[in-house]
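Q:
2 protein chains.
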Amino acid sequence: MKHASAHAPLPSPPSLAALQDLLRSSGLRSTAARLAVLGYLHETHTPNSHAQMFDALGDRGFDRATIYRNLMDLAEAGIVRRTDLGDHVWRFELVRGVAGSRHTEEHPHFVCLDCGGGVCLPGLSLELHGIGGAPRSVGENKITVQLKGLCDNCS
Amino acid sequence: MKHASAHAPLPSPPSLAALQDLLRSSGLRSTAARLAVLGYLHETHTPNSHAQMFDALGDRGFDRATIYRNLMDLAEAGIVRRTDLGDHVWRFELVRGVAGSRHTEEHPHFVCLDCGGGVCLPGLSLELHGIGGAPRSVGENKITVQLKGLCDNCS
DNA sequence: GGCTTGATGCAAATTGATTGCATTCGCGAG
DNA sequence: CTCGCGAATGCAATCAATTTGCATCAAGCC
Numbered sequence: 222m223k224h225a226s227a228h229a230p231l232p233s234p235p236s237l238a239a240l241q242d243l244l245r246s247s248g249l250r251s252t253a254a255r256l257a258v259l260g261y262l263h264e265t266h267t268p269n270s271h272a273q274m275f276d277a278l279g280d281r282g283f284d285r286a287t288i289y290r291n292l293m294d295l296a297e298a299g300i301v302r303r304t305d306l307g308d309h310v311w312r313f314e315l316v317r318g319v320a321g322s323r324h325t326e327e328h329p330h331f332v333c334l335d336c337g338g339g340v341c342l343p344g345l346s347l348e349l350h351g352i353g354g355a356p357r358s359v360g361e362n363k364i365t366v367q368l369k370g371l372c373d374n375c376s
Numbered sequence: 222m223k224h225a226s227a228h229a230p231l232p233s234p235p236s237l238a239a240l241q242d243l244l245r246s247s248g249l250r251s252t253a254a255r256l257a258v259l260g261y262l263h264e265t266h267t268p269n270s271h272a273q274m275f276d277a278l279g280d281r282g283f284d285r286a287t288i289y290r291n292l293m294d295l296a297e298a299g300i301v302r303r304t305d306l307g308d309h310v311w312r313f314e315l316v317r318g319v320a321g322s323r324h325t326e327e328h329p330h331f332v333c334l335d336c337g338g339g340v341c342l343p344g345l346s347l348e349l350h351g352i353g354g355a356p357r358s359v360g361e362n363k364i365t366v367q368l369k370g371l372c373d374n375c376s
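Line by line, the protein sequences give chains A and B.
Residue 296 in our numbering is what sits at position 75 of the first sequence, and the numbering runs on without skipping anything.
Residue 229 in our numbering is what sits at position 8 of the second sequence, and the numbering runs on without skipping anything.
Okay, here's the thing in structure tokens:
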């Protein structure tokens, strides 16, 4: 996965109070584990797998199952998006973070059918034709797009 | 997953000799297990998971691991495509079957982010803009497209 | 027919995800 | 501040889908 686009400078880490506000305003309790997970997602700007999150937070005493549950809770609350890059590993990225935080903008992904590598395509836009029969969210442009094919290395 | 489009009448099952030709011309040995897997894929016109294939062929004495290996071999040989409907279960469908056989035409899929349900969108076409930076296969239209969002039931 | 190498059957292992249950803890009400 | 309720956690285990090891069998070529 290569991010080729230029990024603005990273904002400073969000405050504890801001993270707590975000959790509570989403109907979740502010717990140490959740703050750690959410804080980590604010620091990293790529999708992270559960295993990666555990690697990063496990030696702070956070339990693997708890991290998993919290990722799912955050996804259910709409703070985090669960995403699939084609290799059958769920990854989690911030959708709605603390005010001023950088999070992943919605953009198409390309996934290689051979090596499973993913490429973000933030500059790509699509025009759809013939959407009759598709779910409403397609017509309302509330969709994410994944393109699959062979990457330049595998083709 | 709903197929709303009209289908032509189903062709008769392929002959044993035709299946054998297909295997051998693809560099694979013609074995009983492979013939069974391939024959089944010719009979069913939807993507089938490994588990489904085993359910269908297991009581004929075919081993689960063998069915798996053969599905992977057939996918590698380009006879079968491995596909993902969003629920993290690989499914296999015929790409290049016996002459005269019906197989799945390439078309976009919609996958619901909530329930995981998939919808085929054979009528949908896309126009891409801003493909600079994308892998070459995108520009060459050698891609498959997956749209993700909430289906009408979940939204 | 003999031989080579790929395929199979059987069993087990791996990976990613998910759950059960006893205990702990966040938070709101009084 | 205290208490109680229900949510969250830690620990261990389980589950689902996939994948692999190895001895034996068999397809196919010479």
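For every residue, glycine included, the Cβ atom is placed at its ideal position computed from N, Cα and C.
Predicted model, so just to flag it, every value in this text is computed and none were measured.
Does the beta-carbon distance from B/Leu368 to A/Val366 come in below 8 Å?
A: Stepping through the second sequence from its first residue, residue 368 of chain B is reached at position 147. Stepping through the first sequence from its first residue, residue 366 of chain A is reached at position 145. The answer is yes: Cβ separation under 8 Å.
Q: Can you find a C-beta in chain B that's less than 8 Å from the C-beta of A/Val366?
A: Reading the first sequence from its first residue, position 145 is the one you call residue 366 of chain A. Answer yes: the Cβ-Cβ gap between A/Val366 and chain B drops below 8 Å somewhere.
Q: When Cβ atoms are compared, which residues of the region 349 to 362 of chain B fall closer than 8 Å to chain A?
A: Leu349, His350, Gly351, Ile352, Gly353, Gly354, Ala355, Pro356, Arg357, Ser358 and Val359
Q: Return the first residue and the last residue of the alpha helix (DSSP H) that A/His263 is part of.
A: Within the first sequence, the letter at position 42 stands for residue 263 of chain A. Segment Ala253 to Glu264, the alpha helix (DSSP H) holding A/His263.
Q: What are the boundary residues of the alpha helix (DSSP H) that includes A/Glu297?
A: Along the first sequence, read from residue 1 onward, the residue named residue 297 of chain A stands at position 76. That run of the alpha helix (DSSP H) goes Arg285 to Glu297.
Q: Can you tell me whether B/Ala257 is buried or exposed? The criterion is at least 16 other CB atoms within 10 Å of its CB, across all chains shown.
A: Within the second sequence, the letter at position 36 stands for residue 257 of chain B. Buried is the call here.
Q: Report yes or no: is there a C-beta of chain A within less than 8 Å of the C-beta of B/Ser198?
A: Here chain B has residues from 222 to 376 only, and residue 198 of chain B is not among them.
Q: Within a Cβ cutoff of 6 Å, which residues of the same chain sit near A/Gly339, ignoring the five residues on either side of it in sequence?
A: Looking up residue 339 of chain A in the first sequence gives position 118. Counting only Cβ-Cβ distances below 6 Å, and skipping sequence neighbours, we find Met222, Leu306, His330 and Val332.
Q: Mapping DSSP to helix, strand and coil, what is A/His330?
A: Translated into the one-based positions of the first sequence, residue 330 of chain A becomes position 109. Reduced to three states, the DSSP call for A/His330 is strand.
Q: What residues from chain A crowd round B/His309, counting only those whose CB sits closer than 7 Å?
A: Within the second sequence, the letter at position 88 stands for residue 309 of chain B. The contacting residues are His309.
Q: Quick one: residues in its chain with C-beta nearer than 8 Å to the C-beta of B/Ser358, no 5 flanking neighbours on either side, listed in chain order?
A: Here the question's residue 358 of chain B lines up with position 137 in the second sequence. Excluding positions up to five away in sequence, the list reads Ile364.
Q: Excluding five sequence neighbours on each side, which residues of the same chain lie with their C-beta closer than 7 Å to the C-beta of A/Tyr289?
A: Within the first sequence, numbered from 1, the residue matching residue 289 of chain A stands at position 68. Within the same chain, A/Tyr289 has close Cβ partners His271.
Q: Look at the alpha carbon of A/Leu334 and the alpha carbon of B/Glu327, and state the distance between them as a whole number of angstroms.
A: Along the first sequence, one-based indexing puts residue 334 of chain A at 113. Along the second sequence, one-based indexing puts residue 327 of chain B at 106. Rounded to whole angstroms, A/Leu334 to B/Glu327 spans 14 Å at the Cα level.
Q: In the structure shown, what three-state DSSP assignment does A/Ser270 receive?
A: Start at 1 with the first residue of the first sequence, and residue 270 of chain A comes out as number 49. A/Ser270: strand per DSSP, three-state reduction.
Q: Is there a Cβ of chain B sitting closer than 8 Å to that of A/Ser270, yes or no?
A: If you number the first sequence from 1, residue 270 of chain A lands on position 49. For A/Ser270, the answer is no, since every Cβ of chain B falls outside 8 Å of its Cβ.
Q: For B/Leu371, would you say it is in contact with chain A, using Cβ-to-Cβ distances shorter than 8 Å as the test?
A: Translated into positions along the second sequence, residue 371 of chain B becomes position 150. Interface residue, yes.
Q: Does any residue of chain B have a CB that is nearer than 8 Å to the CB of A/Gly344?
A: As a working mapping, residue 344 of chain A is identified with position 123 in the first sequence. With 8 Å as the cut-off, A/Gly344 counts as an interface residue toward chain B.
Q: Would A/Val316 count as contacting chain B if we go by Cβ distances under 8 Å?
A: By 1-based counting over the first sequence, the position of residue 316 of chain A is 95. So no, A/Val316 is outside the interface.
Q: Report back the beta-carbon spacing between A/Ile300 and A/Leu240 to the nearest angstrom; my notes put them in contact at under 8 Å.
A: Within the first sequence, the letter at position 79 stands for residue 300 of chain A. Within the first sequence, the letter at position 19 stands for residue 240 of chain A. Not confirmed; about 10 Å, so no contact.
Q: Can you tell me where the beta strand (DSSP E) holding B/Leu315 begins and where it ends?
A: Position 94 of the second sequence, counted from the start, is the residue given in the question as residue 315 of chain B. Here the beta strand (DSSP E) through B/Leu315 covers Trp311 to Leu315.
Q: Count the other C-beta atoms from every protein chain shown that fall within 10 angstroms of the C-beta of A/Thr304, then say buried if there are 16 or more, exposed otherwise.
A: Position 83 of the first sequence, counted from the first residue, corresponds to residue 304 of chain A. A/Thr304 comes out buried.
Q: Name the chain B residues whose beta carbon is nearer than 7 Å to that of A/Phe313?
A: Numbered from its first residue, the first sequence carries residue 313 of chain A at position 92. Within 7 Å Cβ-Cβ: nothing; A/Phe313 doesn't reach chain B, min ~13 Å.
Q: Is the Cβ of A/Leu347 closer than 8 Å to any Cβ of chain B?
A: As a first step, residue 347 of chain A must be located in the first sequence, where it is residue number 126. Yes, its Cβ sits closer than 8 Å to a Cβ of chain B.
Q: Rounded to whole angstroms, how far is the Cβ of B/Leu295 from the Cβ of B/Leu259, which I believe are closer than 8 Å?
A: Position 74 of the second sequence, counting from 1, holds the residue named residue 295 of chain B. Position 38 of the second sequence, counting from 1, holds the residue named residue 259 of chain B. 7 Å between Cβ atoms; contact.
Q: Do A/Gly351 and B/Ser346 have their C-beta atoms within less than 8 Å of each other?
A: Residue 351 of chain A sits at position 130 when you count from the first residue of the first sequence. Residue 346 of chain B sits at position 125 when you count from the first residue of the second sequence. Closer than 8 Å, so yes.
Q: Whole angstroms is fine: what's the gap from B/Gln273's alpha carbon to B/Ser247's?
A: For the purposes of this step, residue 273 of chain B is taken as the residue at position 52 of the second sequence. For the purposes of this step, residue 247 of chain B is taken as the residue at position 26 of the second sequence. In a straight line, the C-alpha of B/Gln273 is about 25 Å away from that of B/Ser247.
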